[in-house]
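> Sequential numbering of the sequence shown, starting at 46, is according to my numbering.
Every residue, glycine too, gets a C-beta built ideally from N, C-alpha and C.
I am attaching a structure below and will ask some questions about it afterwards.
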Amino acid sequence: MPLVPDTAPSVHLRVPTDEDAMAWYRAFDDPEVMEFHGGRAAEYSVYEELTARQRRHDAELGHCLWTVLDDAGAVLGFTGAQPWPHRSFGPVGEIEIGWRLGRSAWGHGYATAAGRATLERMRALGVPEVVAMINTRNARSVAVAVRLGMRRAETYTSPVSKQEAYCFRLEL
């Protein structure tokens, strides 16, 4: 496995396009990528709806889950912020940041670089605090949250999956 380099790679963020639905579908069509997101790839229609919802979030809120691109313009996955989507558990009413990259982008520092870019954008919007909900077994994402300066706060159990997740917090 490659080590995270001392210098962060550059990443570019854009509001997801219609074409990004297929790019996300392909990047996430991998059991390892989806291990902490239901364990299997979602149908293409899920990504069509997700990218459309993110365009609405961007238009209404000024932030969303943005598509992450490398310097060559290749889609690596997504990062960004959105309102916590659940009403019955977790950090209800909070702004959650997150990231998901295709496996070929793992271990190169892209998730941390994308997370930092997200935090810069959220600060610029005047958001006072963000959270990140991370499956307690997802050591890679926990490490990214720590590198971003987030502190582990409460732990929640999903009422559906019964999986535990850490809630990381960061005041901006």
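If you drop the 5 nearest sequence neighbours on each side, which residues of the same chain put their C-beta closer than 7 Å to that of T163?
T124, G125, A126 and I142
> Going by CA-CA distance only, name the one from D116, R85, L110 and A117 that's closest to W129.
L110
> Note down the Cα distance separating D103 from T112, rounded to an integer number of angstroms.
12 Å
> Rounded to a whole number of angstroms, what is the C-alpha to C-alpha distance between T181 and E209?
6 Å
> Could you name the residues of the same chain whose beta carbon sits closer than 8 Å to that of L114, not counting the 5 residues immediately before and after it, in chain order?
V56, H57, L58, R59, V120 and L121
> With a Cβ-Cβ cutoff of 8 Å, do A215 and V172 count as a contact?
Here the sequence assigns Leu to residue 215, which means Ala is not the residue at that position. For L215 and V172, no; Cβs fall outside 8 Å.
> When we look at the beta-carbon of V191 and count the other beta-carbons within 10 Å, is it buried (16 or more) or exposed?
exposed
> May I have a chain-ordered list of the beta strand (DSSP E) segments no shorter than 3 residues that lie completely inside the stretch 68-133?
DSSP runs (the beta strand (DSSP E)) wholly in the stretch 68-133: 110-114 and 120-128.
> Counting only the same chain and skipping the five closest in sequence on each side, list residues whose C-beta sits under 6 Å from that of M46.
Below a pLDDT of 50, predicted positions are generally treated as unreliable, and M46, at 45, falls in that range; the measurement from the model is reported next regardless. Around M46: G152.
> Considering only residues of the same chain and omitting the five flanking positions on each side of A68, which have a CB-CB separation below 8 Å?
T112 and V120
> For M195, collect the residues of the same chain with a Cβ closer than 7 Å to its Cβ; drop the 5 residues on either side in sequence, then sort them by chain order.
A177, F213, R214 and L215
> Considering V175, what are the terminal residues of the beta strand (DSSP E) in which it resides?
E174 to N180
> Classify D65 as buried or exposed, calling it buried when 16 or more other Cβ atoms lie within 10 Å of its own Cβ.
It counts as buried.
> Round the Cβ separation of G160 and V205 to the nearest angstrom and send it over; I've been treating them as touching at under 8 Å.
Not a contact, Cβ separation roughly 26 Å.
> Would you kindly work out how many angstroms separate the C-alpha atoms of T62 and T96, rounded to a whole number?
7 Å
> Could you pull the start and end residues of the alpha helix (DSSP H) that R161 belongs to?
Per DSSP, R161 belongs to the alpha helix (DSSP H) from Y155 to A169.
> Taking the alpha-carbon positions, what's the G84 to I179 distance?
Per the coordinates, the alpha-carbon of G84 lies some 15 Å from the alpha-carbon of I179.
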